[in-house]
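Participant: Remember, the working numbering sits 5 above the position in the sequence shown when you count from 1. For each residue, glycine too, the CB sits at the ideal point set by N, CA and C. Just so it is clear, the structure is predicted and the values come from calculations on it, not from any experiment.
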Amino acid sequence: MFDRHQGGENALLVQLQLSSDSPIDKAEFVELVESANVKVVDYISGSRQRPDSKYFVGKGKAEEIQQAVKISEADVVIFDHALSPGQERNIEQLVECRVLDRAGLILDIFAQRARSFEGKLQVELAQLQHLSTRLVRGWTHLERQKGGIGLRGPGETQLETDRRLLAVRIKSINRRLEKVQKQRQQGRRARQRAEMPTVSLVGYTNAGKSTLFNLLTGASVYAEDQLFATLDATLRRVEIADAGPVILADTVGFIKQLPHDLVAAFRSTLEETRQSHLLLHLIDASNPEREERIAQVNEVLAEIGADDVEQIEIYNKIDLLDRVEPHLDYDEEGKIKRVWISSKNEDGIKLVLEALKGYFGREFIHCWLKLPATEAKLRATLFQLGVVASEQDPKDGGFLLEVSMQKHRLDEIIPDSSYILPIENDQLAANAG
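1) Just to confirm before moving on: does the CB-CB distance between V207 and T256 stay below 8 Å?
2) Can you round the beta-carbon distance between A4 and L99 to whole angstroms, since I take them to be within the 8 Å contact cut?
3) With a CB to CB cut of under 6 Å and the five nearest residues on each side skipped, what residues in its chain are close to A116?
4) Quick one: what does DSSP say N15 is sitting in, helix, strand or coil?
5) If you reduce the DSSP assignment to three classes, tell me which class K59 lands in.
6) Would the beta-carbon of Y320 fall within 8 Å of that of I260?
7) Ordered along the chain, which non-local residues of its own chain (more than five positions away) have a Cβ less than 7 Å from that of Q432?
8) Got a sec? Which residues, its chain only, sit under 7 Å from A79 by beta carbon, not counting five neighbours each side?
9) Along the chain, where does the beta strand (DSSP E) that runs through L220 open and close?
10) Output the boundary residues of the alpha helix (DSSP H) element that contains I260.
11) Spatial neighbours of K214 within its chain, please: C-beta separation below 7 Å, excluding the five flanking residues on both sides.
12) In the DSSP assignment, find the unbroken alpha helix (DSSP H) run with S40 in it and report its ends.
13) Which partner residues does K375 have in the DSSP bridge list?
14) Taking R241 as the reference, which of V185, Q72 and L220 has the closest Cα?
15) Smallest Cα separation from I70: which of Q132, E33 and Q20?
16) Is the beta carbon of R414 less than 8 Å from the beta carbon of Q262?
17) Going by CA-CA distance only, name the one from V357, D289 and W345 that's closest to V243.
18) Using the C-alpha atoms, what's the distance from E33 back to L130?
19) Measuring only the C-alpha atoms, how far is S52 from Q22?
20) Please look up how many angstroms separate the CB atoms of L387 and L406, rounded, as I've assumed it's under 8 Å.
21) State the start and end residues of the unbroken beta strand (DSSP E) segment that holds F52.
22) For N179 and V173, I'd like the C-alpha separation in whole angstroms.
23) What do you get for I76, buried or exposed, if any count of 16 or more other CB atoms within 10 angstroms of its CB means buried?
24) Just mark I111 as buried or exposed, buried being the case when its beta carbon has 16 or more other beta carbons within 10 Å.
25) From the DSSP secondary-structure annotation, give me the bridge partner or partners of N321.
26) What residues in its chain sit with their C-beta under 6 Å from that of A248, if we drop five residues either side in the sequence?
27) Have a look at G303 and N292 and give me their C-alpha separation to the nearest angstrom.
28) Using DSSP's beta-bridge definition, name the partner residues of F84.
29) Could you round the C-beta distance between E294 and D30 to whole angstroms and report it? I think they count as a contact, below 8 Å.
30) With respect to the beta strand (DSSP E) encompassing S77, which residues constitute its N-terminal and C-terminal limits?
31) In the DSSP output, which residue or residues are listed as bridge partners for F369?
32) Start and end of the beta strand (DSSP E) containing I346?
33) Tell me where the alpha helix (DSSP H) around G91 begins and ends.
34) Closest to I323 by CA distance: which of W373, Q301, H332 and A394 is it?
35) Along the chain, where does the alpha helix (DSSP H) containing D113 start, and where does it finish?
36) Excluding five sequence neighbours on each side, which residues of the same chain lie with their C-beta closer than 6 Å to the C-beta of S24?
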């Protein structure tokens, strides 16, 4: 009989260059492992045309891993690849320690970082969905029938019992997540009623999203130089000069080969991204693999249905580049396409605000409204929308409001265009008396 090993904190890493894959990225793999608070004791790489069906790496390389585990006294072998349940079982039997693939590693990191109730539920759901595929062929003890007094004889096997318990737990978590998703939808509808656009920060993990989010909003979201520092989506209101308020959303970072179970589990959180009016795509300008990482992010965005949302690219960490100053890049239509900044040094943050102003200020109007006394309900509506900047008392009665809002929304709710008074503050103050 074969039971799974418990694992530990000393890891041997394995990367294989396959002919169909892009070049292996050792630095990111090591950083990913260290993000799980695991110590790297050895590293083995190799190359093959295609994975071996039994050991993934082939018999010779598998025996090399076996010897390296004994010499380094590793507690766990981590592959930077997706392993089948059978491959995990075969390698564990050979090396006599825990074996983890890339998906299992990322799930472990997410489990450590989840803080909110929703985040913990989403991670647990992804873990259970991943585990459910490991019940088949992975562990021979799960094929045994239950034994003991009163349990011998025909009945369900341990494998069937575990499948049933997993299905019950997954169903329970999905029900809880549906409730949380309804709450998110209610908040989203409230923002839509208030005509408050949403901007989502997206990008490869550790590109600097949370740092920029804190600088733009004055929030204190956890930000650290590590992969997946924050998982839970955070929303804050930001006032953009001459463009009005927007809701800024900090989202989970993406990474290549992000497990599909995670994408599915975090779909309600990522819904904020899909429903956004604009995406700020954070890019580590200093990373030599930045073009590949841009493609990986766009691939995940397409998977969640957000590939048609307009983007402004934010090239961060220019302090690590030679002779690159904060600046804006424009497309052929004169629109801002890229912003070059350093969140660490707080250089170029005003340019990000300028980019948001240029995008949302295109149909933004700042004016005064002279409402008759009979329009008290309209006055209340404007205050409820949060678009009133100030109010004065005119000499002839009624209401005098300074408003800033989207022009099309103003046209919808103002019944008479003669209410609009595009005059300066000093003139208005003189007329108000």
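Facilitator: Answer, in terms of the structure:
1) For the purposes of this step, residue 207 is taken as the residue at position 202 of the sequence shown. For the purposes of this step, residue 256 is taken as the residue at position 251 of the sequence shown. Going by C-beta atoms, V207 is nearer than 8 Å to T256.
2) Past the edges of the chain, shown from 6 to 438, lies residue 4, and the structure says nothing about it.
3) On the sequence shown, residue 116 is found 111 positions in, with the first residue counted as 1. Once the five neighbours on either side are set aside, the close Cβ partners of A116 are V128.
4) Residue 15 sits at position 10 when you count from the first residue of the sequence shown. N15 falls in the strand class under three-state DSSP.
5) In the sequence shown, the residue the question calls residue 59 occupies position 54. The answer is coil: DSSP assigns K59 none of H, G, I, E or B.
6) Here the question's residue 320 lines up with position 315 in the sequence shown. Here the question's residue 260 lines up with position 255 in the sequence shown. Not a contact, by the Cβ cut-off of 8 Å.
7) Start at 1 with the first residue of the sequence shown, and residue 432 comes out as number 427. Low per-residue confidence applies at Q432: pLDDT is 48, beneath 50, and the placement is therefore not dependable, though the value from the model is reported in the following sentence. Nothing listed; no residue qualifies.
8) On the sequence shown, residue 79 is found 74 positions in, with the first residue counted as 1. Same-chain partners within the cutoff: N15, A16, L17, V46, D47 and C102.
9) One-based indexing of the sequence shown puts residue 220 at position 215. Note, L220: premise wrong, no beta strand (DSSP E); alpha helix (DSSP H) at K214 to T222.
10) Position 255 of the sequence shown, counted from the first residue, corresponds to residue 260. Per DSSP, I260 belongs to no alpha helix (DSSP H) and is neither H nor E.
11) Residue numbering aside, residue 214 sits at position 209 when the sequence shown is read from its first letter. The residues are L206, G208, D255, G258 and L287.
12) Here residue 40 refers to the residue found at position 35 of the sequence shown. From DSSP, the alpha helix (DSSP H) with S40 extends over K31 to S40.
13) For this step, residue 375 is matched to residue 370 along the sequence shown. Beta-bridge pairing links K375 to L405.
14) Within the sequence shown, numbered from 1, the residue matching residue 241 stands at position 236. When each option's Cα is compared against that of R241, the closest is L220.
15) One-based indexing of the sequence shown puts residue 70 at position 65. Cα-wise, what sits closest to I70 is Q20.
16) Locating residue 414 in the sequence shown gives position 409, counting from the first residue. Locating residue 262 in the sequence shown gives position 257, counting from the first residue. Against a cut-off of 8 Å, the Cβ pair of Q262 and R414 comes out as no contact.
17) The residue given as residue 243 occupies position 238 in the sequence shown. Checked all of V357, D289 and W345; the closest Cα to V243 is V357.
18) Numbered from its first residue, the sequence shown carries residue 130 at position 125. Numbered from its first residue, the sequence shown carries residue 33 at position 28. Taking the straight line joining both Cα atoms gives about 26 Å.
19) On the sequence shown, residue 52 is found 47 positions in, with the first residue counted as 1. On the sequence shown, residue 22 is found 17 positions in, with the first residue counted as 1. Their backbone Cα atoms lie some 4 Å apart in a straight line.
20) For this step, residue 387 is matched to residue 382 along the sequence shown. For this step, residue 406 is matched to residue 401 along the sequence shown. Going by Cβ atoms, the distance from L387 to L406 rounds to 6 Å, so yes, they are a contact pair.
21) As a first step, residue 52 is located in the sequence shown; it is residue number 47 there, counting from the start. A quick correction: the sequence has Ser, not Phe, at residue 52. Per DSSP, S52 belongs to the beta strand (DSSP E) from K44 to R53.
22) Working through the sequence shown from its first residue, we reach residue 179 at position 174. Working through the sequence shown from its first residue, we reach residue 173 at position 168. When rounded, the distance between both Cα atoms is 10 Å.
23) As a working note, residue 76 is residue 71 in the sequence shown. I76 should be labelled exposed.
24) Translated into positions along the sequence shown, residue 111 becomes position 106. When all chains shown are included, I111 counts as buried.
25) Translated into positions along the sequence shown, residue 321 becomes position 316. N321 is bridged to D289.
26) Counting from 1 along the sequence shown, the entry for residue 248 is found at position 243. Closer than 6 Å at Cβ, skipping near neighbours: K362, F365, G366 and F369.
27) Indexing the sequence shown from 1 puts residue 303 at position 298. Indexing the sequence shown from 1 puts residue 292 at position 287. One point to set straight first is that residue 303 is Asn, not Gly, in the sequence displayed. Straight-line Cα distance between these residues: approximately 17 Å.
28) The residue you call residue 84 lines up with position 79 of the sequence shown. In the DSSP output, where bridge partners are listed per residue, F84 has V19.
29) Position 289 of the sequence shown, counted from the start, is the residue given in the question as residue 294. Position 25 of the sequence shown, counted from the start, is the residue given in the question as residue 30. 6 Å between Cβ atoms; contact.
30) Within the sequence shown, residue 77 is the residue found at index 72, counting from 1. Segment K64 to S77 is the alpha helix (DSSP H) holding S77; no beta strand (DSSP E) there.
31) Here residue 369 is taken as the residue at index 364 of the sequence shown, counted from 1. According to DSSP, which records beta bridges pairwise, F369 is partnered with Q411.
32) Here residue 346 refers to the residue found at position 341 when the sequence shown is read from its first residue. Run containing I346: none; DSSP gives neither H nor E here.
33) For the purposes of this step, residue 91 is taken as residue 86 along the sequence shown, with counting starting at 1. Taken as a continuous stretch (DSSP letters only), the alpha helix (DSSP H) holding G91 covers P90 to V100.
34) In the sequence shown, counting from the first residue as 1, residue 323 sits at position 318. The shortest Cα separation from I323 among W373, Q301, H332 and A394 belongs to H332.
35) In the sequence shown, the residue the question calls residue 113 occupies position 108. Segment R107 to R118, the alpha helix (DSSP H) holding D113.
36) Numbered from its first residue, the sequence shown carries residue 24 at position 19. For S24, where only same-chain residues beyond five positions count, the Cβ hits under 6 Å are Q54.
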